[in-house]
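Q: One structure coming up, written as structure tokens, with questions to follow.
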Amino acid sequence: MSTSGANPFSHLEESFTQDGNVYKYFDLPKINNKYDALPFSIRILLESAVRNCDNFHVLESDVKSILNWTPALRQGDSDVEVSFKPARVILQDFTGVPAVVDFAAMRDAVLDLGGNPEKINPICPADLVVDHSVQVDFARTTDALAKNQSLEFERNKERFTFLKWGARAFNNMLIVPPGSGIVHQVNLEYLARVVFETDATDGSKVLYPDSVVGTDSHTTMINGLGVLGWGVGGIEAEAVMLGQSISMLLPEVIGYKLVGKLGPLATSTDLVLTITKHLRQLGVVGKFVEFYGPGVAELSIADRATISNMCPEYGATVGYFPIDENTLSYMRQTNRSEKKIHIIREYLKATRQLRDYAQQDQDPTYTESVTLDLSTVVTSVSGPKRPHDRVSVSSMFEDFKACLTSPVGFKGFAVPPDALSASGEFQWEDGKSYKLRHGSVVIAAITSCTNTSNPSVMLGAGLLAKNAVEKGLSILPYIKTSLSPGSGVVTYYLKESGVIPYLEQLGFDIVGYGCMTCIGNSGPLEENVVNAIEKNGLVCCGVLSGNRNFEGRIHPNTRANYLASPLLVIAYAIAGRVDIDFETQPLGVDGNGGNVFLRDIWPTRSQIQEVERKHVIPAMFQEVYSKIELGSQDWQTLEVSNGKLYPWSAASTYIKRPPFFEGMTRQLPKLGSIEGARCLLFLGDSVTTDHISPAGSIARNSPAARYLAERHLTPRDFNSYGSRRGNDAVMARGTFANIRLVNKLASKTGPRTVHMPSLQEMDIFDAAERYRQEGTPLVLIVGKDYGSGSSRDWAAKGPFLLGIKAVIAESYERIHRSNLVGMGVIPLQFLPGQGAESLHLTGRELFNIALPKSDDLRPGQRIQVNADGNVFETTLRFDTEVDITYYKNGGILNYMIRKMLD
Numbered sequence: 027m028s029t030s031g032a033n034p035f036s037h038l039e040e041s042f043t044q045d046g047n048v049y050k051y052f053d054l055p056k057i058n059n060k061y062d063a064l065p066f067s068i069r070i071l072l073e074s075a076v077r078n079c080d081n082f083h084v085l086e087s088d089v090k091s092i093l094n095w096t097p098a099l100r101q102g103d104s105d106v107e108v109s110f111k112p113a114r115v116i117l118q119d120f121t122g123v124p125a126v127v128d129f130a131a132m133r134d135a136v137l138d139l140g141g142n143p144e145k146i147n148p149i150c151p152a153d154l155v156v157d158h159s160v161q162v163d164f165a166r167t168t169d170a171l172a173k174n175q176s177l178e179f180e181r182n183k184e185r186f187t188f189l190k191w192g193a194r195a196f197n198n199m200l201i202v203p204p205g206s207g208i209v210h211q212v213n214l215e216y217l218a219r220v221v222f223e224t225d226a227t228d229g230s231k232v233l234y235p236d237s238v239v240g241t242d243s244h245t246t247m248i249n250g251l252g253v254l255g256w257g258v259g260g261i262e263a264e265a266v267m268l269g270q271s272i273s274m275l276l277p278e279v280i281g282y283k284l285v286g287k288l289g290p291l292a293t294s295t296d297l298v299l300t301i302t303k304h305l306r307q308l309g310v311v312g313k314f315v316e317f318y319g320p321g322v323a324e325l326s327i328a329d330r331a332t333i334s335n336m337c338p339e340y341g342a343t344v345g346y347f348p349i350d351e352n353t354l355s356y357m358r359q360t361n362r363s364e365k366k367i368h369i370i371r372e373y374l375k376a377t378r379q380l381r382d383y384a385q386q387d388q389d390p391t392y393t394e395s396v397t398l399d400l401s402t403v404v405t406s407v408s409g410p411k412r413p414h415d416r417v418s419v420s421s422m423f424e425d426f427k428a429c430l431t432s433p434v435g436f437k438g439f440a441v442p443p444d445a446l447s448a449s450g451e452f453q454w455e456d457g458k459s460y461k462l463r464h465g466s467v468v469i470a471a472i473t474s475c476t477n478t479s480n481p482s483v484m485l486g487a488g489l490l491a492k493n494a495v496e497k498g499l500s501i502l503p504y505i506k507t508s509l510s511p512g513s514g515v516v517t518y519y520l521k522e523s524g525v526i527p528y529l530e531q532l533g534f535d536i537v538g539y540g541c542m543t544c545i546g547n548s549g550p551l552e553e554n555v556v557n558a559i560e561k562n563g564l565v566c567c568g569v570l571s572g573n574r575n576f577e578g579r580i581h582p583n584t585r586a587n588y589l590a591s592p593l594l595v596i597a598y599a600i601a602g603r604v605d606i607d608f609e610t611q612p613l614g615v616d617g618n619g620g621n622v623f624l625r626d627i628w629p630t631r632s633q634i635q636e637v638e639r640k641h642v643i644p645a646m647f648q649e650v651y652s653k654i655e656l657g658s659q660d661w662q663t664l665e666v667s668n669g670k671l672y673p674w675s676a677a678s679t680y681i682k683r684p685p686f687f688e689g690m691t692r693q694l695p696k697l698g699s700i701e702g703a704r705c706l707l708f709l710g711d712s713v714t715t716d717h718i719s720p721a722g723s724i725a726r727n728s729p730a731a732r733y734l735a736e737r738h739l740t741p742r743d744f745n746s747y748g749s750r751r752g753n754d755a756v757m758a759r760g761t762f763a764n765i766r767l768v769n770k771l772a773s774k775t776g777p778r779t780v781h782m783p784s785l786q787e788m789d790i791f792d793a794a795e796r797y798r799q800e801g802t803p804l805v806l807i808v809g810k811d812y813g814s815g816s817s818r819d820w821a822a823k824g825p826f827l828l829g830i831k832a833v834i835a836e837s838y839e840r841i842h843r844s845n846l847v848g849m850g851v852i853p854l855q856f857l858p859g860q861g862a863e864s865l866h867l868t869g870r871e872l873f874n875i876a877l878p879k880s881d882d883l884r885p886g887q888r889i890q891v892n893a894d895g896n897v898f899e900t901t902l903r904f905d906t907e908v909d910i911t912y913y914k915n916g917g918i919l920n921y922m923i924r925k926m927l928d
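Numbering (our numbering), first residue to last: 27 to 928.
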């Protein structure tokens with residue numbers, strides 16, 4: 027049952043027979059009496075290690091290390107490294123394209139080095155959902171969906187053609203066509219197996235837990251279904267696809283106990299924002315969080331998935347909900363077969379992975395436990411710049427006023443006292459004049475996998491819209507409202523429940539299926555609105571049911587952005603502003619001139635659940651997912667090459683053969699110290715992948731825009747950075763292109779830096795290119811939490827292409843550190859208590875980094891840095907021997923190519 031070699035744990039194999047089929051599995055409870063004390067999430071790591079143990083990819087010592095997991099384990103004291111082989115990989119559009127591009131380029135490289143290119147195929151099953159490309163160009167019209175999807179295909183036809191080629195060229199890869207939904211919702215409703223079933227060579231079936239890694243940090247959403255999964259860098263996911271195991275540190279597991287019930291007006295969004303703030307304060311980065319307690323049974327799978335989805339925002343690796351009977355009921359609701367559900371139940375019972383949250387004797391031991399009483403959760407939003415800055419709605423009025431005058435920071439805009447009453451008047455298409463001021467809402471979007479997968483909040487929004495329309499309420503015409511469901515099932519039950527007309531009347535027309543506003547694809551605001559905001563320096567707002575609201579992400583002209591439930595998105599859109607006290611201030615007046623307050627239109631949880639029970643049924647899932655792989659007529663008629671090697675086009679501005687393997691040889695490259703390096707960027711704390719990775723629209727005055735203009739493209743055809751992730755020339759030019767980037771070397775905020783020693787200020791890419799021509803290696807100096815946010819491979823590939831050889835940071839986000847290693851970039855960390863400020867660094871020094879010879883590199887060793895005579899030590903953040911192996915090869919993909927040639 028192991029993938030190769032003799033399995034030393036074969037004596038644990040057991041089987042049962044069902045309908046004439048023999049089902050084999052590893053009976054883990056037999057391993058020893060420590061098993062029942064293990065957290066359920068750790069049991070999945072253990073099963074994978076036992077099943078795949080061949081003392082080559084996965085060692086017997088890995089199994090023993092996992093089995094000996096203890097609550098006393100503390101990361102950093104005695105880190106325990108283990109190997110983990112996920113059952114599958116999931117890719118989303120924007121990170122999936124580079125993966126397929128890299129696989130195509132790897133085939134070319136293998137051929138160039140005299141090998142067989144057809145060896146390059148996914149070994150581990152890979153699903154790619156084309157989901158992230160839609161931009162909200164058209165909104166508040168009944169045909170917005172058709173127009174946006176048509177424009178999407180027009181803009182991205184070349185990329186879609188490439189992906190369709192990949193679906194044919196590579197084995198073991200499923201590609202779900204565009205317009206189907208958000209990857210995480212499709213995963214939850216359709217792709218997830220919960221328990222995997224594969225064919226053995228003897229004709230039997232092999233059962234094992236479903237587990238997944240994905241190229242988006244919100245892959246964690248699937249933990250709500252009891253499937254262990256988390257986000258990894260694109261390059262790490264590609265290695266898993268090629269059969270490699272993940273090397274990881276055995277995590278601490280925080281037990282999060284839920285008791286009580288949610289109040290009648292609270293939503294799952296309010297709950298997840300409460301948990302996010304709580305766990306951020308607790309500190310769970312690099313840890314597993316596992317939910318338990320009687321309160322869990324009160325939550326639907328959609329509620330649990332909402333909580334698991336925002337795992338990256340509270341910083342944990344996973345937020346895991348062990349499988350219970352509610353999980354199996356959800357599988358039935360989403361049209362999984364009764365036969366499969368029966369087999370899953372039998373397997374889970376046999377291996378003690380099916381739990382009853384009411385049974386306290388099933389609670390495992392945890393590193394630490396915390397408790398939340400669900401009845402204490404209140405209606406909330408988060409913002410204006412971070413997802414874990416929760417604000418109760420009752421405090422929002424005062425909180426926003428405080429943010430306006432507070433110093434510039436995560437909770438401040440430093441608006442001068444004489445500008446607090448600033449406003450801007452403009453004319454709209456209806457000929458009427460409207461006025462904007464601080465706090466005015468200009469974007470209101472029901473979007474993102476976090477909420478659109480949850481019928482309770484989606485139907486709740488529909489019922490609130492119905493109540494609002496019946497009270498005579500409306501939304502100002504200049505507010506860009508949109509509804510982007512996570513799958514066709516959402517549209518189905520919204521129509522069946524009769525709420526679509528009310529949503530449309532308020533301007534929440536369905537505009538497409540995908541992340542859209544949450545990922546930065548909010549589309550343009552009307553020019554008069556933009557002018558009113560910019561000329562008057564207004565802090566205008568976006569309100570969205572998303573999971574990310576980092577500065578500059580949603581739209582350049584919404585300086586304040588608040589995460590909220592779909593119900594509150596509509597409420598704030600009706601109000602037209604965020605600085606409102608819903609308790610004392612009405613939303614508007616009804617037909618009789620009476621005040622209408624939010625409490626007058628807000629549906630209760632029981633009312634929502636009644637509608638959900640009636641309208642969210644298995645037949646909907648059967649109807650939608652039975653034809654999901656067919657795609658639209660546009661997809662079906664795409665003509666693609668049948669060749670095994672991709673026919674690269676030098677003229678393409680979307681798909682380009684990447685330079686990662688240029689000059690590669692079969693032999694390992696010679697490595698040494700970094701000498702005479704310059705600091706390209708000198709950054710502070712909380713630099714996210716939104717600051718680093720190219721995302722959103724391509725600014726007309728940017729290096730990427732100049733590159734495209736030189737190829738005779740007009741701004742209308744620039745499209746987004748995400749759509750051009752298959753072109754390294756565009757992506758390198760868009761790295762660090764965020765307009766909110768604060769580089770201490772530059773005179774102002776934005777994608778600029780100073781070239782040394784000329785002291786000329788220029789675009790970051792232009793400076794990097796000049797350094798390259800001069801033969802000068804580059805480093806970055808940054809603060810704490812470098813690379814937090816979404817797991818984006820281009821946040822590592824981009825700096826690599828700019829010539830960054832090393833990053834020196836106070837601390838790293840887990841996935842981003844791994845991605846840097848995967849690209850051969852050295853992550854160095856200041857010693858505890860030290861940083862650029864305490865060491866009096868200016869970023870204008872000449873840097874020499876003394877690296878030992880390749881054979882002498884060790885995880886975590888001290889590395890000396892000399893900055894113009896200022897000598898200090900750093901920690902080498904190669905955390906495992908595997909990290910060092912990748913670095914010696916020049917990156918993880920180069921390692922895999924050499925491995926294929928052996």
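We treat Cβ as the ideally placed atom computed from N, Cα and C, and that holds for glycine.
Under the assumption that S273 contacts T906 (Cβ atoms under 8 Å), give the Cβ distance between them as a whole number of angstroms.
A: With 8 Å as the limit, S273 and T906 qualify as a contact, their Cβ atoms being about 5 Å apart.
Q: For K283, list the residues DSSP reports as bridge partners.
A: Bridge partners of K283: Y318 and T397.
Q: Are the segment 41-52 and the segment 230-237 touching, with three or more C-beta to C-beta distances below 8 Å?
A: In short, these stretches touch, since the Cβ pair count reaches three.
Q: Count the other CB atoms, across all protein chains shown, that sit within 10 Å of the CB of R334; report buried if there are 16 or more and exposed otherwise.
A: The question names Arg, yet the displayed sequence has Ser at residue 334. Buried, because 16 or more other Cβ atoms sit within 10 Å of the Cβ of S334.
Q: State the CB to CB distance for the pair V556 and H464, rounded to an integer number of angstroms; the pair is presumed to be in contact (CB under 8 Å).
A: The Cβ separation is near 16 Å, so there is no contact.
Q: With three or more C-beta pairs closer than 8 Å as the rule, is the segment 411-422 touching the segment 444-456?
A: The segment 444-456, when compared against the segment 411-422, does not touch it at the 8 Å Cβ threshold.
Q: Quick check: S67 and V396, are their CB atoms within less than 8 Å of each other?
A: No, they are not a contact pair.
Q: Tell me the DSSP secondary structure of L254 in three-state form.
A: Three-state DSSP puts L254 in a strand.
Q: Assign Q855 to one of three DSSP states: helix, strand, or coil.
A: Q855: strand per DSSP, three-state reduction.
Q: Pull up the distance between the alpha-carbon of T610 and that of A597, whole angstroms please.
A: Between T610 and A597, the C-alpha separation is close to 14 Å.
Q: Residues bridged to F898 by DSSP?
A: V891, per the DSSP bridge assignment.
Q: Any idea what DSSP makes of R362, helix, strand or coil?
A: Three-state result, R362: coil.
Q: Need the endpoints of the beta strand (DSSP E) that D225 sits in, please.
A: Here the beta strand (DSSP E) through D225 covers V221 to D225.
Q: Using alpha carbons as the reference points, say which of R181, N81 and D153 lies closest to D660.
A: Taking only the C-alpha atoms, the option nearest D660 is R181.
Q: Tell me D789's beta-bridge partners as DSSP assigns them.
A: D789 pairs with R778.
Q: Quick one, are the C-beta atoms of A98 and V238 less than 8 Å apart?
A: Result no, Cβ atoms of A98 and V238 do not sit closer than 8 Å.
Q: Buried or exposed for L671, going by 16 or more other Cβ atoms inside 10 Å?
A: Flag for L671 reads exposed.
Q: In three-state DSSP terms, what is D660?
A: The answer is helix: DSSP assigns D660 an H, G or I state.
Q: Which residue marks the beginning of the beta strand (DSSP E) containing Q611, and which one marks its end?
A: Here Q611 belongs to no beta strand (DSSP E), and DSSP marks it neither H nor E.
Q: Check each candidate in V89, Q693 and K411 and name the one with the smallest Cα separation from N915.
A: Of V89, Q693 and K411, the residue nearest in Cα terms is Q693.
Q: Tell me whether the beta-carbon of A755 lies closer than 8 Å to the beta-carbon of F744.
A: Going by C-beta atoms, A755 is not nearer than 8 Å to F744.
Q: Let's see if you can read the secondary structure: which residues bound the alpha helix (DSSP H) around G514?
A: Start and end: G514 to E522.
Q: For the candidate residues I70, K287 and V126, whose alpha-carbon lies nearest to that of G260?
A: Considering only alpha carbons, the answer is V126.
Q: Between the C-alpha atoms of A876 and G917, what's the straight-line distance to the nearest angstrom?
A: Roughly 20 Å separates the two Cα atoms.
Q: Which ranges would you report for the beta strand (DSSP E) in the segment 660-732 if only whole runs of at least 3 residues count?
A: Entirely contained in the segment 660-732, the beta strand (DSSP E) runs reaching 3 residues are, in chain order, 700-708.
Q: Can you have a look at M27 and say buried or exposed, based on whether 16 or more other CB atoms are within 10 angstroms of its CB?
A: With a pLDDT of only 49 at M27, under the threshold of 50, the placement of this residue in the model should not be trusted; the figure read from the coordinates follows. So M27 counts as buried.
Q: Measuring alpha carbon to alpha carbon, tell me which residue in I327, N352, K313 and E736 is nearest Y340.
A: Closest option to Y340, Cα to Cα, is K313.
Q: Could you work out which residue in P338, F347 and G319 is closest to R330 when comparing CA atoms only?
A: Of the listed residues, the one whose Cα sits closest to R330 is F347.
Q: Take P885 as the anchor and find which of N59, D105, A63 and F42 has the nearest alpha-carbon.
A: Checked all of N59, D105, A63 and F42; the closest Cα to P885 is D105.
Q: Assuming D128 contacts V155 under a Cβ cut-off of 8 Å, what Cβ separation, rounded to an integer in Å, is found between them?
A: Not confirmed; about 18 Å, so no contact.
Q: Going by DSSP in three states, T431 sits in which element: helix, strand or coil?
A: T431 falls in the helix class under three-state DSSP.
Q: What is the residue span of the beta strand (DSSP E) that I875 lies within?
A: Looking at the DSSP string, the run of the beta strand (DSSP E) that includes I875 is F873 to A876.
Q: Smallest Cα separation from P503: which of K561, L462 and L276?
A: Out of K561, L462 and L276, L462 has the C-alpha closest to the C-alpha of P503.
Q: How is S337 classed by DSSP in three states: helix, strand or coil?
A: Per the sequence shown, the amino acid found at residue 337 is Cys instead of Ser. Looking at C337 - three-state DSSP - the assignment turns out to be helix.
Q: Is the segment 694-706 close to the segment 198-209, with three or more CB pairs under 8 Å?
A: With a cut-off of 8 Å, the segment 198-209 and the segment 694-706 do not count as touching, because too few Cβ pairs lie within range.
Q: Specify whether the segment 827-836 and the segment 808-815 touch according to this definition: at least 3 beta carbon pairs, one from each stretch, less than 8 Å apart.
A: At 8 Å Cβ cutoff, the stretches touch.
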